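So the structure is just underneath, and the comments pick up after that.
2 protein chains.
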Amino acid sequence: MNSEFHIAVHSLVFLAYLPSRMASSELLASNICTNPVRIRKVMNLLKTAGLVDVQKGTGGGYILRGNPRQITLGSIYRLTSAGSLVSDWRSGDPTMDCIVASQIGQVMSHIFEGAEEQFERHLDQYTIQDLLNQMQMNKRN
Amino acid sequence: MNSEFHIAVHSLVFLAYLPSRMASSELLASNICTNPVRIRKVMNLLKTAGLVDVQKGTGGGYILRGNPRQITLGSIYRLTSAGSLVSDWRSGDPTMDCIVASQIGQVMSHIFEGAEEQFERHLDQYTIQDLLNQMQMNKRN
DNA sequence: GCCAAATGTAACTGTTATGATTACATTTAC
DNA sequence: GTAAATGTAATCATAACAGTTACATTTGGC
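Residue numbers (the numbering used here), protein chains in the order written: chain D, 1 to 141; chain Y, 142 to 282.
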């Protein structure tokens, strides 16, 4: 699993948590514990998808645009890491005579495509607001 | 996803396909399109799990032991690649003050553990015999 | 007993992927 | 005009991965 998915989710939860709903790449980087360049690359994806607005220049940064109750982890996964469940390595070779060696590639691909769909449905169960609520609940204990 | 999973599945399907149910690491490697050393490492796992027997020396190799109708891809996954769905990278830091940065690690871990369980259930739907049947069906068309 | 064939396993190499860092052009608020 | 922020390319270090070589060990057949 790509770490960009984690960065995107963390960023959105953090923006939803801030009253201003705005943070610079530097602030995000220090909260996520990575470097600002990675943040900017990931936030670019979220901008293209319309999840955040960008304000350049002094006092600028990234502003949460979407409704955190409607942004699912599945949609973020599809933006940042789609297909990462499927390994690129394949055994066998379609041109071989053996029915096992020639067909296992497509059989496994089919199985993994099903797993990928199921994985996305699993992630679709969670929204950014769900995660934030859970963290605020835990805080009270 | 670890390629050892693919190697293990391919090996077992191939052994189930052979009338003798036996093959050397060299034969398996040529059918799977990898090298014998990797085969032997993976087959060692299957031996420990009781899925294959090993015969050393001249004319030896690996012999399918379990019933291909009862060996699920899930059980193979648990042997070879358990936990590979979860990324090791974690954003944030449990020691930080921010409720997001300090808690996102465990929240994401929980979500991925659920996904891992679901993934295993998905793989448990398929047996080695299922895959072999499908390949023999396709062959006829 | 000897030899050939096979597994078990460690070590090394090359390639790729990943994340961090640096640098700099561009944009924008004041 | 300057400072602050993003956009993006380039580079570096590290780790992961697969392939390869080598060799000890085991075993079957003569």
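The beta-carbon is built from N, C-alpha and C at its ideal position, and this holds for glycine as well. Quick caveat: nothing in here was measured; it's all calculated off a predicted structure.
Which residues of chain D have a Cβ atom closer than 8 Å to the Cβ of residue i, listed in chain order?
i	result
N172 (chain Y)	G92, M96, C98, V100, A101
Q270 (chain Y)	Under the 8 Å cutoff, chain D gives no residues; its nearest Cβ is about 13 Å from Q270 (chain Y).
A256 (chain Y)	F119, H122, L123
I148 (chain Y)	S91
V195 (chain Y)	Within 8 Å Cβ-Cβ: nothing; V195 (chain Y) doesn't reach chain D, min ~21 Å.
Exposed or buried, which one is residue i when buried takes at least 16 other CB atoms within 10 Å?
i	result
P68 (chain D)	buried
Q277 (chain Y)	exposed
S161 (chain Y)	exposed
T127 (chain D)	buried
Q266 (chain Y)	exposed
N279 (chain Y)	exposed
Please classify residue i: does DSSP put it in a helix, a strand, or coil?
i	result
D130 (chain D)	helix
I32 (chain D)	helix
V127 (chain Y)	In the structure displayed, chain Y extends from 142 to 282; residue 127 (chain Y) sits before or after that span and is not available.
M22 (chain D)	strand
I71 (chain D)	coil
G114 (chain D)	helix
L205 (chain Y)	strand
T80 (chain D)	helix
N279 (chain Y)	helix
Taking the Cβ atom as the reference point for each residue, do residue i and residue j lie within a distance shorter than 8 Å?
i	j	result
A82 (chain D)	H263 (chain Y)	no
S165 (chain Y)	G198 (chain Y)	no
V37 (chain D)	M43 (chain D)	no
S109 (chain D)	C174 (chain Y)	no
L187 (chain Y)	I180 (chain Y)	no
A149 (chain Y)	L226 (chain Y)	no
S102 (chain D)	P94 (chain D)	yes
What does residue i reach in chain D if we use C-beta pairs closer than 7 Å?
i	result
Y203 (chain Y)	In chain order: nothing, as chain D lies at least about 15 Å away.
V183 (chain Y)	The contacting residues do not exist; V183 (chain Y) stays about 11 Å from chain D at best.
I245 (chain Y)	H10, V13
Worksheet item: Quick one: any contact between the segment 13 to 31 of chain D and the segment 227 to 244 of chain Y, if contact means 3 or more CB pairs under 8 Å?
Response: Yes, the segment 13 to 31 of chain D touches the segment 227 to 244 of chain Y.
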